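Novice: Below you will find the structure I want to go over with you.
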Amino acid sequence: MRIEGSGSRLSPSREYFVFAYYVTGHGFGHATRVVEVVQHLVAAGHDVHVVTGAPDFVFTSNIQSPKLHIRKVLLDCGAVQADALTVDRLASLEMYHQTIVVPRDSILTTEVEWLKSINADLVLMVAHTRRGSRLEDGGRRCGSPTHNSTPVETNSQQPGGYGSVTTTLIQQSNSRHGRHCEALGWRGVIRTRNTETRMLSFRQALGVNSGGKATLDSGSDVSIGHSPGSSLLLAEGSVGGLGGARKVVMMKGKEARPTVGSRAIDMNGRWVSDVVPIACRAAANAGIRSVCVTNFRLSRRLIEGVGPYSAKELSKIRLTENMHNVMGLELEEQAFGVARLHLWHNSEGGSRYDPEIHMAIDKADKFCFLRTEEIYVARAPGRLDVMGGIADYSGSLVLQMPIKEACHVAVQKNHPSKQKLWKHAQARQQAKGLGSIAVLQIVSFGSELSNRAPTFDIDLSDLMDGEQPMSYEKARQLFSQDPSQKWAAYAAGTVLVLMAELGVRFTQSISILVSSAVPEGKGVSSSAAVEVATMCAIAAAHDLRIEPRDIALLCQKVENHVVGAPCGVMDQMTSACGEANKLLAMVCQPAEVKELVPIPSHIRFWGLDSGIRHSVGGTDYGSVRIGAFMGRRMIKSEASSLLSDSLGGIEPQQVGKMTPDDSDEGHGIEILKTEALLDYLCNISTHRYECLYTKKLPERISGEEFLTKYLDHNDVVTIIDPKRTYAIKAPTKHPIYENFRVEAFKALLTAAQTDEQLCSLGELMYQCHYSYNECGLGSDGTDRLVNLVQEMQHSKSYQDGSASLFGAKITGGGSGGSVCVIGRNCIQSTEEIQKIQQRYKSATGYLPYVFEGSSPGAGKFGYLRIRMRQSLPDASPRN
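150 is the number of the first residue of the sequence shown in this note's numbering; add one for each residue after it.
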């Protein structure tokens, strides 16, 4: 497959080709994963020369053919790891320097001569990019896989004189060979689940017929069936158990452009592996013009971190749009000039995966768990805010449904002398010179889905300030020091709150594994699920008998005081006290469960994610809450003034001592007395608010003016900024009317099963949605989803009166996140939800994730106690 002359046409004169396959030699993982690729190539009649440091039997046990040639050379080095999670970067850099940098010229000269001697047509690499650079110099231009060893993650100020080496290598890689992806392996070794798409939607997006079986190189400027001149090597087969025919087909044509280390996607819509064979570009004089891909699977983490050259190439090719629409990737330019592919969402619209808890525990055993000690597992779901939302902090009735997505947390306690410690934790404790110290270690699965570290650890003594637990303020500062570890406040904060509120003292080390299927930033209380599951697991491990309601209140303190997010309590209460297929009816004063309302069999609720990340800690949510508490303070002041006028000058502080006999207007006086001492805004009726207070409230007020007149707003979790101006009327009105809407909604759920019932329920949800918007907590995405529901509802109603969707509203803290939709429990409503998904995707490029179904709260679930034995583990359910 040689280039004839200077044209771009490929010669079809040869049927078989010579492959040079560089396979990393540290460990057998890469070698065993490429065996089937080699097997397919050999079976197709090609000669394959494998360059590896792995033993011969890895290949020869499955392949007995004279066309397989193994050259035993170790040309790369792996990262030096202190343990399963910790990379020793200095030692790794030193090994890299001695193995690759010092003998670089002689190694690459030898390789170029060897490639020429075997007359290689195609170079495949699962190895180091520096080798690829010289191969290109020798006439074989080639790409590099995503999993290589360029030390871009190391600090340029490394001790021992290696900082300059690091900087030089990075500059070389980016300036000369930017298409080689930087070394994601240097982040540490994390096993992650894969991004998957629905097979049918993936095929449709690329125009592939349903019967085709192929693997498409996502870095090529092609679409199967639409670019017959494109150059592809389609490796069909049962690689990794994915199924397919066992043959290799070569399609010849114009040069296909490989980019991003040549990602690949199989026709089931899966990213292929980090050891994907690499597409090789034509050399200046004697290169190769073909693209080779296989259908191994690629972990999500390895999609990030492409170099400037790759970013530039990505901007040129049509398939970038396909990658965005089909795989859910967003290309974002960074200020430092390197584009990165962020995992904004997958094609299903979320980061969802099933929490296979026993598998997770087995993996965590390598990190910090001991097989000799018991492991306690708790589970807490996220929640869908059906009605109530932000009115919770004003004492409203709320209706919440626990969703089926949940967080699992496993906890093990060990004596400090037995605890497995990571290398840096060992060094920290040795420096203290106090012997074995109880430590808190946390591993979070799914860290690859956001910019956070996978682990956190701290000596438990560091959470103490003398004989007492450290203050919440100090804890908040502690967890905020490193943004990548701020997430740990949700889990580690439960330990501090138990110490501070219940006087618990932990003398043993605690290992925590967090595995959550509740998507983050979608307004379904992923943080509450983590907090509740963690506290329940810790309580179970330490035999602490805490009622679900008290668990929720303690977890609210974690979020309010340790994390610093001013949320209400409904999220934690639903996660802790909810039951499957029931709405938790709770009066948030502060957290009184009224009842569990069964969802009628003819009604169904869905959650639709807008793709706009929600944050309860955001400025808008906090300012609206402050505005509501300011409004309450103003109403109390006005009620006291009215009361004083009615009674001829009674001072406000004397109100509590008054009786109905103090005035002929006993009934009115009693109400004014209650309102003058108002604890919760929702205790004011809508007609009293309209009659006495709405005209007294300003639309807006500056923080300075309010503090001058009223001194404080009496909210312990928010602080008024004197320099800011706050809306007052809308944030104050919303919870008062929302409480009325929720009461009406709850009553309607028990009404007769009619269209009028569903229409009335939907109307209440619409009213809630637009009230959020008046508070400034709406978003374009949630408005679009609600409008699509309305359009679907009205079009069906006008056509034949067979509407199946009846209402929708933004949920939780607003400003993005998800909307809740109400409809009939029927197939037609499901189909209409799917149509709304597609219409939203057509308008925005984002396919909303759909939340449907329900599951029990943490209290109902109880916990699992797992004992590791030589036989099967005993998993005993506990309640």
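Glycine included, C-beta positions come from ideal geometry on N, C-alpha and C. No experiment lies behind these values; they were computed from the predicted model shown.
Are the Cβ atoms of Asn709 and Val866 separated by less than 8 Å?
Specialist: For the purposes of this step, residue 709 is taken as the residue at position 560 of the sequence shown. For the purposes of this step, residue 866 is taken as the residue at position 717 of the sequence shown. Closer than 8 Å, so yes.
Novice: Should Gly595 be labelled buried (16 or more other beta-carbon atoms within 10 Å of its own) or exposed?
Specialist: If you number the sequence shown from 1, residue 595 lands on position 446. Counting Cβ neighbours within 10 Å, Gly595 comes out buried, since at least 16 surround it.
Novice: With 16 other CB atoms within 10 Å as the buried threshold, where does Pro697 fall?
Specialist: For the purposes of this step, residue 697 is taken as the residue at position 548 of the sequence shown. With 16 or more other Cβ atoms within 10 Å, it is buried.
Novice: What residue ranges within the stretch 696–742 form continuous alpha helix (DSSP H) runs of no fewer than 4 residues, ordered along the chain?
Specialist: For the stretch 696–742, whole alpha helix (DSSP H) runs of length 4 or above, ordered along the chain, are 697–706, 719–726.
Novice: With a Cβ-Cβ cutoff of 8 Å, do Ile971 and Phe628 count as a contact?
Specialist: Translated into positions along the sequence shown, residue 971 becomes position 822. Translated into positions along the sequence shown, residue 628 becomes position 479. Contact flag unset, no.
Novice: How should Gly1006 be labelled, buried or exposed, when 16 other C-beta atoms within 10 angstroms of its C-beta is the threshold for buried?
Specialist: As a working note, residue 1006 is residue 857 in the sequence shown. Buried, by the Cβ-count rule.
Novice: Considering just the uninterrupted stretch of the alpha helix (DSSP H) at Asp904, what are its terminal residues?
Specialist: Here residue 904 corresponds to residue number 755 of the sequence shown, with the count starting at 1. Note, Asp904: alpha helix (DSSP H), 904–924.
Novice: Please state if the CB of Glu523 and the CB of Gln561 are separated by a distance shorter than 8 Å.
Specialist: Taking the first residue of the sequence shown as position 1, residue 561 is located at position 412. Taking the first residue of the sequence shown as position 1, residue 523 is located at position 374. Yes; because the gap between Cβ atoms is below 8 Å, this pair is in contact.
Novice: Give me, in chain order, the residues of the same chain whose beta-carbon lies closer than 8 Å to that of Ala876; leave out the 5 immediate sequence neighbours on both sides.
Specialist: Start at 1 with the first residue of the sequence shown, and residue 876 comes out as number 727. The residues are Ser772, Val773, Gly776, Glu848, Arg849, Cys924, Gly925.
Novice: Using 10 angstroms around the beta-carbon of Thr604, count the other beta-carbons present and answer buried if the total reaches 16, otherwise exposed.
Specialist: Along the sequence shown, read from residue 1 onward, the residue named residue 604 stands at position 455. Answer is buried; the Cβ neighbour count reaches 16.
Novice: Given a cut-off of 8 Å on the beta-carbon distance, is the pair Glu728 and Leu745 in contact?
Specialist: What you label residue 728 is simply residue 579 of the sequence shown in a count that begins at 1. What you label residue 745 is simply residue 596 of the sequence shown in a count that begins at 1. Result yes, Cβ atoms of Glu728 and Leu745 sit closer than 8 Å.
Novice: Within 10 angstroms of its Cβ, does His836 collect 16 or more other Cβ (buried), or is it exposed?
Specialist: As a first step, residue 836 must be located in the sequence shown, where it is residue number 687. The residue in question, His836, is exposed, as its Cβ has fewer than 16 Cβ neighbours within 10 Å.
Novice: Measuring alpha carbon to alpha carbon, tell me which residue in Gly963, Ala900, Gln942 is nearest Cys917.
Specialist: Taking the first residue of the sequence shown as 1, we reach residue 917 at position 768. It is Gly963 whose Cα lies nearest to the Cα of Cys917.
Novice: Under 8 Å, with one C-beta from each stretch per pair, do the stretch 526–534 and the stretch 1010–1017 reach the 3-pair mark?
Specialist: Yes: at least three Cβ pairs fall under 8 Å.
Novice: Give the secondary structure of Asn211 by DSSP, where H, G and I count as helix, E and B as strand, and everything else as coil.
Specialist: Along the sequence shown, one-based indexing puts residue 211 at 62. Coil.
Novice: Quick test of the definition: if touching needs 3 or more C-beta pairs under 8 Å, does the stretch 673–689 touch the stretch 656–663?
Specialist: Yes: the two stretches touch, three or more of their Cβ pairs being nearer than 8 Å.
Novice: Specify the secondary structure class of Phe605 as computed by DSSP and reduced to three states.
Specialist: Working through the sequence shown from its first residue, we reach residue 605 at position 456. DSSP places Phe605 in strand when its eight states are reduced to three.
Novice: Going by DSSP, which residues form a beta bridge with Phe168?
Specialist: For the purposes of this step, residue 168 is identified with residue 19 of the sequence shown, where counting begins at 1. DSSP, once it has assigned bridges, lists Val197, Leu271 as partnering Phe168.
Novice: Give the range of the alpha helix (DSSP H) segment to which Cys685 is assigned.
Specialist: In the sequence shown, residue 685 corresponds to position 536, counting from 1. Here the alpha helix (DSSP H) through Cys685 covers 675–690.
Novice: So, is Lys895 buried or exposed, given that buried needs 16 or more other C-beta atoms within 10 angstroms?
Specialist: Your numbering for residue 895 matches position 746 in the sequence shown. The residue is buried, with at least 16 neighbouring Cβ atoms inside 10 Å.
Novice: Going by DSSP, name the residue or residues bridged to Phe889.
Specialist: Taking the sequence shown and counting its residues from 1, one reaches residue 889 at position 740. Note: Phe889 sits in no beta bridge, so no partner.
Novice: Could you name the residues of the same chain whose beta carbon sits closer than 7 Å to that of Ile267, not counting the 5 residues immediately before and after it, in chain order?
Specialist: Along the sequence shown, one-based indexing puts residue 267 at 118. Around Ile267: Val167, Ala169, His198.
Novice: With Arg220 as the anchor, note down where its alpha helix (DSSP H) starts and where it stops.
Specialist: In the sequence shown, counting from the first residue as 1, residue 220 sits at position 71. Not the alpha helix (DSSP H): Arg220 falls in the beta strand (DSSP E), residues 217–221.
Novice: Cutting at 7 Å between CB atoms, please list the residues of its own chain near Leu954, excluding the five before and the five after it.
Specialist: If you number the sequence shown from 1, residue 954 lands on position 805. Correct list, in chain order: Val938, Met941, Gln942, Val970, Gly972, Ser978, Glu981.
Novice: Just to confirm the assignment, what range does the alpha helix (DSSP H) spanning Ala876 have?
Specialist: Locating residue 876 in the sequence shown gives position 727, counting from the first residue. No alpha helix (DSSP H) holds Ala876; the beta strand (DSSP E) holding it covers 874–876.
Novice: When the Cα atoms are used, what is the spatial distance from Gly672 to Gly582?
Specialist: Here the question's residue 672 lines up with position 523 in the sequence shown. Here the question's residue 582 lines up with position 433 in the sequence shown. So the alpha carbons of these two residues sit roughly 46 Å apart.
Novice: Starting from the C-beta of Gly642, find all residues in its chain whose C-beta is less than 6 Å away, skip the five residues before and the five after it, and write them out in chain order.
Specialist: Along the sequence shown, one-based indexing puts residue 642 at 493. If we look at Gly642 and ignore the five residues flanking it on each side, its Cβ neighbours are Val707, Val711.
Novice: Please state whether DSSP places Asp518 in a helix, a strand or coil.
Specialist: For the purposes of this step, residue 518 is identified with residue 369 of the sequence shown, where counting begins at 1. The amino acid at residue 518 is misidentified as Asp; the sequence shows Phe. In the structure shown, Phe518 sits in coil (DSSP, three-state: anything other than H, G, I, E or B).
Novice: Quick one, are the C-beta atoms of Glu741 and Cys704 less than 8 Å apart?
Specialist: Start at 1 with the first residue of the sequence shown, and residue 741 comes out as number 592. Start at 1 with the first residue of the sequence shown, and residue 704 comes out as number 555. Contact flag unset, no.
Novice: Under a three-way DSSP split, which group does His943 fall into?
Specialist: Working through the sequence shown from its first residue, we reach residue 943 at position 794. Here His943 sits in helix by DSSP.
Novice: So Ala540 packs on Pro884, CB below 8 Å; how close in whole Å?
Specialist: The residue labelled residue 540 in the question sits at position 391 within the sequence shown. The residue labelled residue 884 in the question sits at position 735 within the sequence shown. Indeed, because the Cβ distance is near 4 Å, the residues count as touching under 8 Å.
Novice: Can you give me the C-alpha to C-alpha distance between Ile985 and Phe1000, rounded to a whole angstrom?
Specialist: Working through the sequence shown from its first residue, we reach residue 985 at position 836. Working through the sequence shown from its first residue, we reach residue 1000 at position 851. So the two alpha carbons sit approximately 14 Å from each other.
Novice: Let me confirm a value: Asn563 is counted as buried when at least 16 other C-beta atoms fall within 10 Å, else exposed. Which label applies?
Specialist: In the sequence shown, counting from the first residue as 1, residue 563 sits at position 414. When all chains shown are included, Asn563 counts as buried.
Novice: DSSP beta-bridge partners for Arg182?
Specialist: Taking the first residue of the sequence shown as position 1, residue 182 is located at position 33. Answer by DSSP bridge pairing: none, since Arg182 is not bridged.
Novice: Who pairs with His557 in a beta bridge, going by DSSP?
Specialist: In the sequence shown, the residue the question calls residue 557 occupies position 408. Partner(s): Arg528, Ser664.
Novice: Helix, strand or coil: which one does DSSP assign to Asn936?
Specialist: On the sequence shown, position 787 is the one that residue 936 refers to. If DSSP states are grouped into helix, strand and coil, Asn936 belongs with the helices.
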